[in-house]
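> One structure, as structure tokens, below. Some questions next.
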Amino acid sequence: MRGASIVMRSLFEPRAIAVIGASGNPEKIGHRIVENIVRSGYGGGVFPINPRGGEILGLKAYADLSDVEGEIDVAVIAIPAGRVLSAVEACGAAGVKHLVVITSGFSEVGDLETERRIVRAAREHGMRLLGPNIFGIYSAASSLDATFGPGGITPGPVAIITQSGALGIAMIGKTATESVGLSALVSVGNKADVDEADLLEYLASDERTRAILMYVEGVKDGERLQGTLAEVTRNKPVVVIKSGRSKRGSMAAASHTGSLAGTDEVFDSVMRQAGVLRAESIQEAFSWVRYLASTPLPPGDEAVIVTNGGGIGVMATDACEKHGVLLYDDQAVLADAFSGVMPDFGSSKNPVDLTGQATAEDYARSLDAVLAEDRMHAAIALYCETALFDTGRFADLLRDVYARYRDRKPIVFSLFGGERIDAVIRDLRGEGIPVFGDVYEAVSALGALYRVRRRIREAPEEAEPSGLPIDEIREIFRTARDDGRAFLLAPEAAQVAAHLGLDMPRSIVAHNLDEAVEAAGEIGYPVVMKIVSKDIVHKSDAGGVALDLENEEEIVDAYQAILRSCRARAPDAVIEGVEVVEMVRSGVETIVGARQDPSFGPVVMFGLGGIYVEVMKDVSFRAAPIGRSAARAMISDLRSYPLLLGVRGESRKDIDAIAAVVSKLSHLIDRCREIADIEVNPLIVYDRGEGTRAVDMRILIKQPKGGERT
Ligand code: ACO
């Protein structure tokens, strides 16, 4: 991570910058960029490049980059698309380190080839390329605004990386109205070369940056992004907004795992795994980063609500549950803490209700009581406008409390009322005090801070060797591939399952009726029979499956029925026999799958619901590989997790055994990139200590050359 952050340093802290396409015409983007660089107070060398030469905004303009003496770290390119490649070559010859390509008209309009060519040219000269199709970069570290935005960015602790240019420019205005100061603002556009992971590596080490906000539309190298984020979030909060939540993934639904793995679900799970906070809206994201960047972590888990209104206190209590904020509950300590400051008619139960008769001074003293008490770790201060309060005096008291505790404990204020209250909110927010108009918004910001605290304190996932016989497993895939198949036959899948240590039902392939009867006798009734044919993938649809066969007579009938049906529905299929399988006793039906995700690489999935899994869509994902404790966390993500813990007098299920299967599959998909999709469905789970049974396992493999890792 360190190496990359050193490379990126000269992008954020260049000693000299050239603008190719600088123009004397104030209407042009190349003019605006030079203007912003000059106005932002950048102290390094600025070299406008324009074929006409002359002067631009009081700076000498150079007709050619080669005329500039001295080293140039960054070249901003704002000339039409057709000319960019030759400008990139010229930058390479001049020893430029970073290219910031503003120009549009590449892969975003279908011209991937030219984009690739400019990246190749950049790389050949050892340059990194930001963009193309971007509005530029702002870096507080060098007071540099190399964007064509409106200017006037206030420096501060928040870094923003945005894939949308228009939204990024609009965010400049928003940061001003929301009083959010920026350490950096980077537009990544088409991400032809530099992507979020490169930028995060620098921002992680940048002391100015205390919180990072990312707006993401699509992920390219998700595996690397996930790894980088997982590291960064151990030190700094990262908030992400991703559009396209409702879009189902466009990837082919080869199996349940595929159809359940909408890109957004995978994105969501993987971000959570990496400790990233995902905001629902830009407003929420801004509110979080502003709070996170300016607030100390709470010294402990428990918060206290102080309110002058019962209703708003109840709402805050609900919000605390939703956002994972615990409330301090030791009644004796609460009563003691508030004994001198609480009006007789109030309630010292948390939420502490001072009632509408409390004075502004009562209110301030109560907040003091919370913040001075070591056992109470954060304060949620709620206020409903009453006729009794002098709002001017009230605002001063809040300022005073905030100033005294701002570096020690988190406080959120939520004020509710009319015009006078709105004015107080505006004033205090403008001063950087965390005052919210809505109680949910206030608690959500504190909840985000608690999530950051948990992430920072979380023990890193222990690296767990998979212990899987990978070579033997890959040999099975090789056989299938040599045979021209993209899937494994049932006996092959069973071999893989055995290598994974999965407990599959006993099974024998019979080639005629006598063998089928004999196999059933050996396995023990009841049994299941399934057709074996590489030409019939969907066995049930072809009438190739018979369940719960109790005796020899049923075997005879089912055997004939299966053959008749399969021959009728798939007349050309080569039938190798019939598989006689042990009938597994019932338990909770789950599904474990793993696949190569187009954005994030190998991912593992767990879901509950058996045949209803697609309807319920109660599934969770993780980037693979994961150890057992991460697998347990993944299992507990499910809405229906309580079913595994045991409801209505049922006993707890064997969650550890599921976690073991999930972890094994995650290691397998990570090591064997030739697997396209693997699915154990159903994985039947029994009571704690009784393990799981893998009833069926399907494996789809990629045909050779599909990015196999050897
Ligand atoms: N070296 C140096 N200067 C050059 C070169 C060169 N090789 N070639 C041309 N120039 C000069 C031109 O002479 C001109 O200067 P002049 O005004 O003195 O004549 C200047 O560079 C600009 O060139 P133009 O041909 O006038 O190009 P124009 O400014 O109209 O457009 C631009 C260039 C802005 C890069 C355009 O092609 C473009 O891509 N626009 C979209 C940019 C964009 O939106 N990016 C995404 C941002 S994110 C968002 O959505 C907001």
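Residues in the sequence shown are numbered consecutively from 10, following my numbering.
Glycine included, C-beta positions come from ideal geometry on N, C-alpha and C.
Since this is a predicted model, take the numbers as computed values, not measurements.
State buried or exposed for residue 255, treating a residue as buried only when at least 16 other CB atoms are found within 10 Å of its CB.
Summary for residue 255: the model assigns pLDDT 49, below 50, so the residue's position carries little reliability, and this model does not support an answer.
> From 157, 593, 51 and 104, pick the residue whose C-alpha is nearest to that of residue 74; which is it?
Answer by Cα proximity: 104.
> On the three-state DSSP scale, how would you describe residue 3?
Since the displayed the chain opens at 10 and closes at 719, residue 3 lies outside it and no answer follows.
> With the cut-off set at 7 angstroms, would you say residue 425 and residue 393 are in Cβ contact?
A contact, by the Cβ cut-off of 7 angstroms.
> Kindly examine the ligand HEM and report whether one of its heavy atoms sits closer than 6 angstroms to the Cβ of residue 237.
Because the ligand HEM does not appear in the structure shown, any question about it cannot be addressed here, the ligands present being the ligand ACO.
> Measure how close the beta-carbons of residue 663 and residue 705 come, nearest whole angstrom, since I'm counting them as under 8 angstroms.
That pair is no contact at about 19 angstroms.
> Roughly how many whole angstroms lie between the Cα atoms of residue 556 and residue 534?
Going by the C-alpha atoms only, they are around 11 angstroms apart.
> Under the DSSP definition of a beta bridge, which residues are partnered with residue 569?
According to DSSP, which records beta bridges pairwise, residue 569 is partnered with nothing at all.
> For the segment 572 to 654, list the beta strand (DSSP E) runs that are entirely contained and at least 3 residues long, ordered along the chain.
Runs found: 586 to 591, 597 to 606, 610 to 617 and 628 to 632.
> Could you tell me which whole alpha helix (DSSP H) segments of length 4 or greater appear in the segment 545 to 569?
Runs found: none.
> Can you determine whether any heavy atom of the ligand ACO sits closer than 6 angstroms to the C-beta of residue 32, and answer yes or no?
Under cutoff, so the answer is yes.
> Quick check: what's the CA-CA separation for residue 628 versus residue 565?
Their Cα atoms are separated by approximately 40 angstroms.
> Which residue marks the beginning of the alpha helix (DSSP H) containing residue 274, and which one marks its end?
It spans 272 to 282 - the alpha helix (DSSP H) in which residue 274 sits, taken as one unbroken run.
> Is residue 29 helix, strand or coil when you go by DSSP?
In the structure shown, residue 29 sits in a strand (DSSP, three-state: E or B).
> Assign residue 40 to buried or exposed, taking buried as 16 or more other Cβ atoms, counted over all protein chains shown, within 10 Å of its Cβ.
With 16 or more other Cβ atoms within 10 Å, it is buried.
> What separation, rounded to the nearest whole angstrom, lies between the Cα atoms of residue 475 and residue 241?
One C-alpha to the other measures close to 26 angstroms.
> Thinking residue 399 and residue 369 are a contact (beta carbons under 8 angstroms), I'd like their distance in whole angstroms, please.
About 6 angstroms; that satisfies the 8 angstroms criterion.
> At 3 residues or longer, what runs of the beta strand (DSSP E) sit wholly inside the segment 315 to 367?
Taking only runs of at least 3 residues, no beta strand (DSSP E) segment lies wholly in the segment 315 to 367.
> Would you grab the beta carbon distance between residue 336 and residue 359 for me? Rounded to a whole angstrom, and I think it's under 8 angstroms.
Their Cβ separation, rounded to whole angstroms, is 5 angstroms, which keeps residue 336 and residue 359 in contact under 8 angstroms.
> Going by other Cβ atoms of all chains shown within 10 Å of its Cβ, with 16 needed for buried, is residue 266 buried or exposed?
The pLDDT assigned to residue 266 is 41, lower than 50, so where the model puts this residue is not dependable; a value taken from the coordinates is nonetheless given after this. Burial call: buried.
> With DSSP as the reference, please indicate the residues paired to residue 311 in a beta bridge.
Paired residues: 335.
> Just verifying my parser: in three-state terms, what is the DSSP assignment at residue 57?
The answer is strand: DSSP assigns residue 57 an E or B state.
> Entirely within the segment 512 to 551 and at least 3 residues each: give me those beta strand (DSSP E) ranges in chain order.
For the segment 512 to 551, whole beta strand (DSSP E) runs of length 3 or above, ordered along the chain, are 516 to 519 and 536 to 541.
> In this structure, what does DSSP give as the bridge partners for residue 393?
DSSP output for residue 393 lists 425 as bridge partner(s).
> Sorted by chain position, which residues of the same chain lie with C-beta nearer than 6 angstroms to residue 442's C-beta, five sequence neighbours on each side aside?
Within the same chain, residue 442 has close Cβ partners 411.
> With DSSP run on the structure shown, which of helix, strand or coil describes residue 697?
In this structure, residue 697 counts as coil in the three-state DSSP scheme.
> Rounded to the nearest angstrom, what separates residue 676 and residue 488 at their Cα positions?
Cα-Cα distance, rounded: 21 angstroms.
> Start and end of the beta strand (DSSP E) containing residue 171?
Here the beta strand (DSSP E) through residue 171 covers 164 to 171.
> Work out the CA separation of residue 188 and residue 440 for me, nearest whole Å.
C-alpha separation (whole angstroms): 8 angstroms.
> Nearer than 6 angstroms: is that true of the beta carbon of residue 227 relative to any heavy atom of the ligand ACO?
No, the Cβ of residue 227 stays beyond 6 angstroms of every heavy atom of the ligand ACO.
> Mind checking whether residue 115 and residue 38 have CB atoms under 7 angstroms apart?
No; because the gap between Cβ atoms is not below 7 angstroms, this pair is not in contact.
> Quick check on residue 35: buried or exposed, where buried means 16 or more other Cβ atoms within 10 Å of its Cβ?
Exposed.
> Measure the alpha-carbon distance for residue 228 versus residue 139 and round it to whole angstroms.
Taking the straight line joining both Cα atoms gives about 16 angstroms.
> Mark residue 107 as exposed unless 16 or more other C-beta atoms lie within 10 angstroms of its C-beta, in which case mark it buried.
The residue in question, residue 107, is buried, as its Cβ has 16 or more Cβ neighbours within 10 Å.
> Leaving aside the five residues before and after residue 94 along the sequence, list all residues of the same chain whose C-beta is less than 8 angstroms from its C-beta, in chain order.
Cβ within range, chain order: 123, 126, 127 and 130.
> Could you check if residue 304 belongs to the surroundings of the ligand ACO, using beta carbon to heavy atom distance under 6 angstroms?
No, Cβ of residue 304 sits at least 6 angstroms from all heavy atoms of the ligand ACO.
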